[in-house]
Amino acid sequence: MRLLRLLKNKNKKNNNKTKNLKKVYGKHFLNYVYVTLVTVSILIIGFFGYKAYNYFIYKKRVFILKKISILGKGISYKEKVKVLRRAGLYKGENLFSIDLKRVSRLIASDRWIKDVTVYKKYPDKIVIVLKKRNIFAIIVNKENLYYISKSGYIMGRANRAIGYNYPVITGLSKDGPDNYFNEIKKALYFLNITKFSVISNYVSEIHLERDNGIVVYTNKGILIKFGTHRYKNKLKTLKRLFYEINKMHLKYKRYINLEYKDEAVIAVNPGSRILPADYKKIAIPPDIFK
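Under our numbering, the residue at position 228 of the sequence shown is numbered 216, and the numbers go up by one with no gaps.
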């Protein structure tokens, strides 16, 4: 009897295991079918979606380039045409296929362009916003003239079409690139601070001497030696000097030396005189040089 009971219990356990296995396999099968159906559905939707995208975007030509707008201060018509040629854009091109980074790189390769921003304006427009480099001076290099920006960026060779009416920097060193660019930096700094001085509109040439001193030639034919340092103070001294010269109607040779500390040396007709920085406070008879 005990043996029969053991056999019955064992059969029951086997039957339960079989039922549990069937349930597990059934759940796995249903999950597999579900995943397969979802995957097939996604593929079908993706396929027909891609076809619809290509049909409406490319064949129906919904988003095509019809307008190109170029914005920026001081951009002439010729410059806009030049930008369009460099950008490689054309009307009828699909707006989605335009690589804005590539267009920006192509436009920025022009040395006259400082900053460029390109963006799409749907449904049919590209907008290009430009910022030009402005000419600050002209430098002389190997007997050629080149335009240079305020930051020292060389933009191209000077020409008659753009003009030569800019301060010219001469005497640049030939001892190596480091000295060359340091001298350019110094000359641009000096030219920048003269923009707020008494000679702001009269600088014709800035010459760098061998001792690194600066000599200025004005468009009024005056030669002014500034030396190597204290340029802001010397420009103030020069302003006071011109005031006194005009006040006394002084006739002098077109030469001013500001190399000495707080002093201005001029050659008066006849003779010469050293004027200290505080000469304005000194009582000088107005007819002393008559």
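Even glycine gets a Cβ: it sits at the ideal position worked out from N, Cα and C.
Which term fits residue i, buried or exposed, when burial requires 16 or more other beta carbons within 10 angstroms of its beta carbon?
i	result
E131	exposed
V26	exposed
F178	buried
A149	exposed
L88	exposed
I172	buried
L229	buried
I30	exposed
F214	buried
F124	buried
I32	exposed
K48	Because the pLDDT of K48 is 49, which lies under 50, any placement of that residue in the model is unreliable, and the number read from its coordinates should be weighed accordingly. By the neighbour-count rule (16 or more Cβ atoms within 10 Å), K48 is not buried but exposed.
V106	buried
Looking only at its own chain, which residues have a Cβ that is under 6 Å from the Cβ of residue i, when we skip the five neighbours before and after it?
i	result
P111	F51
I254	Y240, I244
I142	Y134, I136
F184	none
K109	V115
T216	N200, G201
Quick check on DSSP: helix, strand or coil for residue i?
i	result
A146	coil
L72	helix
G279	With the chain covering -11 to 278 only, the question about residue 279 has no answer from this structure.
D250	coil
F124	coil
N153	coil
S260	For S260, the predicted structure reports a pLDDT of 45, less than 50, and the residue's modelled location is therefore unreliable. The matter cannot be settled from this model.
Y141	coil
N170	helix
E232	helix
T24	helix
R99	coil
F84	helix
V158	According to the sequence shown, residue 158 is Thr rather than Val. Strand at T158.
T225	helix
V186	coil
I181	helix
E131	coil
L176	helix
K220	helix
K119	strand
R90	helix
K109	strand
S29	helix
K208	coil
Y243	strand
K79	coil
Taking the alpha carbon of residue i as the point to measure from, which residue in the options has its own alpha carbon closest?
i	options	result
Y248	K222, E232, M236, R228	K222
I114	K102, A252, V91	V91
K174	S185, V186, F184, G159	G159
K208	D199, A125, I187	I187
L72	K138, V104, S85	V104
G201	Y65, F230, L229, I157	I157
Y190	I172, L196, P155, T216	P155
L176	K55, I194, N167	I194
D250	M236, K109, G62, K224	K224
F169	K54, A252, V128	V128
R198	N167, S192, K227, I210	N167
G80	G60, K55, R74, Y65	K55
G60	I86, G34, N122, V256	N122
Using a Cβ-Cβ cut-off of 7 Å (strictly less than) and excluding sequence neighbours within five positions of residue i, which residues of its own chain qualify?
i	result
I58	K68, V71, I116, L118
S161	N167, Y168, E171
R242	G209, I210, L211
Which whole-angstrom value describes the C-beta separation of residue i and residue j, a residue pair presumed to lie in contact below a C-beta threshold of 8 Å?
i	j	result
L238	I212	About 16 Å; that fails the 8 Å criterion.
Y219	I181	6 Å
K102	K120	6 Å
A96	I126	Rounded, the Cβ-Cβ distance is 24 Å, inconsistent with contact.
L53	G76	The pair is not a contact, with the Cβ atoms about 12 Å apart (cut-off 8 Å).
R99	G144	6 Å
Please tell me whether residue i has its Cβ less than 9 Å away from any Cβ of chain C.
i	result
E251	Given the protein chain composition of this structure (a single chain), no chain C is represented.
Among the residues of its own chain, which have a CB less than 8 Å from the CB of residue i, if the five just before and after it don't count?
i	result
Y152	I126, L133, A146
L226	S185, V186, I187, I212, I244, L246, A252
R74	L94, I95, S97, D98
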